[in-house]
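Numbering-wise, our numbering puts 497 at position 393 of the sequence shown, and it's gapless, one number per residue.
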Amino acid sequence: MENKGGWTVADAVDYKGRPAEKSKTGGWIPAALILGIEIVERLSTMGIAVNLVTYLMETMHLPSSTSANIVTDFMGTSFLLSLLGGFLADSFLGRFKTIAAFAVVQMLGTGSLALATKLPGLRPPPCHHGEHCNPASGFQMTILYIALYLIALGTGGLKSSVSGFGSDQFDEKDPKEKSQMAYFFNRFFFFISMGTLMAVTVLVYMQDEVGRSWAYGICTVSMVVAIVLFLSGTKRYRYKKSRGSPVVQILQVLAVAARKRKMDLPQSIAYLYEDSSEGLRVDHTDQFRLLDKAAIVAEGDFDQNLDGTAVPNPWRLCSVTKIEEVKMMVRLLPIWATTIIFWTTYAQMITFSVEQASTMERTIGTFVIPAGSLTVFFVAAILVTLAVYDRAIMPLWKKWKGKPGFSNLQRMAIGLVMSTVGMAAAALAEQKRLSVAKSVTHNYNKTLPISVFFLVPQFFLVGSGEAFIYTGQLDFFLTQSPKGMKTMSTGLFLTTLSLGFFVSSFLVSVVKKVTGSSGNGQGWLADNINHGRLDCFYWLLAVLSGINFVVYMVCALWFKPRKGKGALEMADGKGFSVEDNC
Numbered sequence: 105m106e107n108k109g110g111w112t113v114a115d116a117v118d119y120k121g122r123p124a125e126k127s128k129t130g131g132w133i134p135a136a137l138i139l140g141i142e143i144v145e146r147l148s149t150m151g152i153a154v155n156l157v158t159y160l161m162e163t164m165h166l167p168s169s170t171s172a173n174i175v176t177d178f179m180g181t182s183f184l185l186s187l188l189g190g191f192l193a194d195s196f197l198g199r200f201k202t203i204a205a206f207a208v209v210q211m212l213g214t215g216s217l218a219l220a221t222k223l224p225g226l227r228p229p230p231c232h233h234g235e236h237c238n239p240a241s242g243f244q245m246t247i248l249y250i251a252l253y254l255i256a257l258g259t260g261g262l263k264s265s266v267s268g269f270g271s272d273q274f275d276e277k278d279p280k281e282k283s284q285m286a287y288f289f290n291r292f293f294f295f296i297s298m299g300t301l302m303a304v305t306v307l308v309y310m311q312d313e314v315g316r317s318w319a320y321g322i323c324t325v326s327m328v329v330a331i332v333l334f335l336s337g338t339k340r341y342r343y344k345k346s347r348g349s350p351v352v353q354i355l356q357v358l359a360v361a362a363r364k365r366k367m368d369l370p371q372s373i374a375y376l377y378e379d380s381s382e383g384l385r386v387d388h389t390d391q392f393r394l395l396d397k398a399a400i401v402a403e404g405d406f407d408q409n410l411d412g413t414a415v416p417n418p419w420r421l422c423s424v425t426k427i428e429e430v431k432m433m434v435r436l437l438p439i440w441a442t443t444i445i446f447w448t449t450y451a452q453m454i455t456f457s458v459e460q461a462s463t464m465e466r467t468i469g470t471f472v473i474p475a476g477s478l479t480v481f482f483v484a485a486i487l488v489t490l491a492v493y494d495r496a497i498m499p500l501w502k503k504w505k506g507k508p509g510f511s512n513l514q515r516m517a518i519g520l521v522m523s524t525v526g527m528a529a530a531a532l533a534e535q536k537r538l539s540v541a542k543s544v545t546h547n548y549n550k551t552l553p554i555s556v557f558f559l560v561p562q563f564f565l566v567g568s569g570e571a572f573i574y575t576g577q578l579d580f581f582l583t584q585s586p587k588g589m590k591t592m593s594t595g596l597f598l599t600t601l602s603l604g605f606f607v608s609s610f611l612v613s614v615v616k617k618v619t620g621s622s623g624n625g626q627g628w629l630a631d632n633i634n635h636g637r638l639d640c641f642y643w644l645l646a647v648l649s650g651i652n653f654v655v656y657m658v659c660a661l662w663f664k665p666r667k668g669k670g671a672l673e674m675a676d677g678k679g680f681s682v683e684d685n686c
C-alpha cells in the first residue's frame, strides 16, 4: 500500500495512531532498543537467582531445602506472572506500555533488594562455624520477599511482551523484513544468553567480592538506562492495536459447545456457521468434534442491531474459524505438559548444584571462583551448542535429509534427552563428592578436597539441552498457535518454565518429608548436603525425566502440525513424524 507519506505497514500504526511508514518506523534500531530491556532483565533476574541460595544459607541462615525452594518459587512466580503481563498487553495497555510499566516495577524491585542486603537490621547477626546461627526473623524475610516478588512481577510483565513487540517492528508481508524478523528471533535468544553470561560472571563476582548491595545497585542503574533508551524510541516504534484477550474467545467456544452438547452435528461442515472472509478462514479439522457444535446455528443465536440487521451473539454462536483457533491451542497442551520436567531439572542447576559447588575446591591459582559463577559453563554450553548447530549440524542435516535443520519437536526431544543424561551425570558427580566428604571426617564444614570441575558435565549437558528445547518451544508455540493468540501462546510457553520450578519445589518438599521421617537421619536433602543423599534425588529426577520422554514421544507422534515454515531459522522443519525418527 502506497500513499503520500510513502510505504506503510498495513496492520501497524505510529505513536500518533497514523499508518506506520516503513521508512520512519520499525527495523533494527527500534528492535535493538527493545532488546536492551531484555538484556538488563536477564542480567538482573539471573544474577540474583543463581547466587541467591548462598545468600539465604550463609547470611540469612536458612536450611538447604528451604533456600532451594525460595529460589525455585521466586523463579516460578516470575514466569507465571507472564500470563498477567500478556493479559494486560492484549486487553488494556498494549505491548509498549506494558514493557515500560513492568520495567519500572523491576527497577523498584532491584533497588529494594539492594537496600535489603545493605542495611544490617534486615539480616540476622553473623555467626561462625560451630556456633548456633539464628535464622532471619519474620520481618527480615518479609522485606526480602517484597523485593524478590517485585522483581518477579517486573520479569513476568516484560517476558510476555518483549519478544512480541520486537517482532512487531518487522512486516511479515515484506520478504526482506520477514527474513530480518527470523534473524531477530535467532539473535533474541543469543542476547538472552549474553545477559545471563554477564550475570553469572561479573555480577556474581561482585556480589561475593564487592558486596551484594553494589551488584544489585548496578542492576537498578542499568534498568534506568535501559528504560530511558527504550522510551527514546517512542517515535520510531510500530504499534499494533490490541485485539482483546483470546481468553474470552476460548471461554465463548467452550461455553457454547457445552450448551449445545446434546445437538447433533450436520452431515456436512458446510452447514456450520462461518463469518470470516476467505483469506482469514482456518480450514476445518476432525479433531475435537465436540467443539464443532458451537457452530451449529439454532434459534435465538442472533441479536438485532438498532438498524434491524441480525448479528451473531458470540456467547450463543461461534464461527468455524474461531473454533479451529481454539482447537489449535488445545493441541498444544500435550506437548506443553511433557516439556515441564526439563525446567525442573534446570532448577537444580541454580539451587543444589550451586550448593554442591560451595563445598568443593574452587581455586585457580590464587583466584577463587564464586560458587554461583559455575553456571558460566551452563551458559557457555548454550552458546557453543547454538554455534555448532548453526554452522555444522544444519548444513549436514540439509545435505542428508534435504531439510534446513531439526524440526521444533525434534529439538525439544533432544533437549529432554540431554537433561535426562545431565541428571544422571549429576548423580554420579554427587556420589563422588559424598565419598570424599565421608573420608574427611574431622570437619564437614570445610572445603572438600575435590575439584569443582567434576560438576561441569551436568552444567554442560543441561545447558546444551536448554539451547535445543528453548528455541524449539519458542518456535513451536509461536508457529502452531493462531495469529491472534501469539501473546497467549508465548505465555503458555513461559508457564512450562514456571511449573517446572514449582514442580521442583513440590518434589523437594515431598522428598524432604518422606526421606526425613524414615529414621535415616535428615534424609536425602539434609540441611548440610554433606550429611544427605542428594545423589538419590538426582537419580529420581533422571528416572522421572526418562518416563516423561516416552510420554513426550507419544504426544509428538500424535500431534498434527500446521502447514508452513517456522518463525525461526533454526526451526524450519514442519513437525515431528515417524520419518523424522528414522
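Beta carbons: idealized from backbone N, C-alpha and C, even for Gly.
Counting only runs of 4+ residues, the alpha helix (DSSP H) found wholly inside the segment 450 to 527 occupies 456 to 462, 480 to 492, 498 to 505, in chain order. The beta carbons of Phe-295 and Ile-143 sit about 6 Å from each other, so the pair counts as a contact at 8 Å. Around the beta-carbon of Ser-372, fewer than 16 other beta-carbon atoms lie within 10 Å, marking it exposed.
Membership of Ile-141 in the alpha helix (DSSP H) is indicated by the continuous run 132 to 162. Distances from the alpha-carbon of Val-266 to those of Tyr-343, Ala-251, Ala-124 put Tyr-343 closest.
Along the length of the segment 380 to 441, whole alpha helix (DSSP H) runs at least 4 residues long occupy 393 to 396, reported in chain order. If you draw a 10 Å sphere on the C-beta of Asp-411, you find fewer than 16 other C-beta atoms in it, and that means exposed.
DSSP lists Val-117 as the bridge partner or partners of Pro-123. Judged by DSSP secondary structure, Ile-554 falls within the beta strand (DSSP E) whose first and last residues are 552 to 555.
Restricting attention to alpha helix (DSSP H) runs no shorter than 4 residues, the segment 248 to 278 encloses them at 266 to 271, ordered along the chain. Excluding the 5 residues flanking it on each side, Leu-538 has same chain C-beta neighbours closer than 8 Å at Asn-634, Arg-637, Leu-638, Asp-639, in chain order. Counted as a single uninterrupted DSSP element, the alpha helix (DSSP H) harbouring Ser-171 occupies residues 168 to 184. The alpha-carbon separation between Gln-408 and Leu-421 amounts to approximately 14 Å.
In terms of CA proximity to Asn-155, Thr-300 leads the group Ser-195, Thr-300, Leu-262. By the neighbour-count criterion, in which 16 or more other beta carbons inside 10 Å mark a residue as buried, Gly-268 falls on the buried side. When the beta-carbon positions are compared, Thr-448 and Ser-317 stay at least 8 Å from each other. Contact check for Met-150 against Val-304 passes: the beta carbons are separated by less than 8 Å. DSSP places Tyr-377 outside both helix and strand once states are collapsed to three, so it counts as coil. A Cβ-Cβ distance of about 13 Å is found for the pair Phe-580 and Leu-520, leaving them out of contact under the 8 Å criterion.
Counting of Cβ neighbours within 10 angstroms places Val-401 among the exposed residues, the total staying below 16. Out of Pro-438, Thr-467, Ala-475, the CA that lies nearest to the CA of Val-458 is found in Ala-475. Counted as a single uninterrupted DSSP element, the alpha helix (DSSP H) harbouring Phe-610 occupies residues 590 to 620.
Lys-426 and Arg-515 have their C-alpha atoms roughly 30 Å apart. Residues of the same chain with a CB within less than 6 Å of the CB of Phe-334, apart from the 5 flanking positions on each side, are Leu-137, Ile-141 in chain order. When only Cα atoms are considered, Lys-201 and Tyr-249 end up about 26 Å apart. According to the DSSP secondary-structure assignment, Thr-112 is paired through a beta bridge with Glu-125. With a threshold of 16 other beta carbon atoms within 10 Å, Phe-243 falls short and is exposed. Between the C-alpha atoms of Leu-629 and Lys-617 there is a straight-line separation of about 9 Å.
By the Cβ test, the segment 322 to 332 is not in contact with the segment 112 to 121, since fewer than three Cβ pairs between them sit closer than 8 Å. Per the C-alpha coordinates, the member of Ser-182, Asp-275, Leu-645 positioned closest to Val-612 is Leu-645. CA-to-CA, the gap between Gln-210 and Ala-319 works out to about 15 Å. Around the beta-carbon of Asp-275, 16 or more other beta-carbon atoms lie within 10 Å, marking it buried. Take the alpha-carbon of Lys-664 and the one of Pro-561: they are about 36 Å apart. Distances from the CA of Glu-570 to each of Thr-443, Phe-610, Thr-591 were compared; the closest alpha carbon is that of Thr-443. For Ala-205, the enclosing alpha helix (DSSP H) covers residues 198 to 222.
Distances from the CA of Ala-451 to each of Met-657, Val-175, Gly-576, Thr-575 were compared; the closest alpha carbon is that of Val-175.
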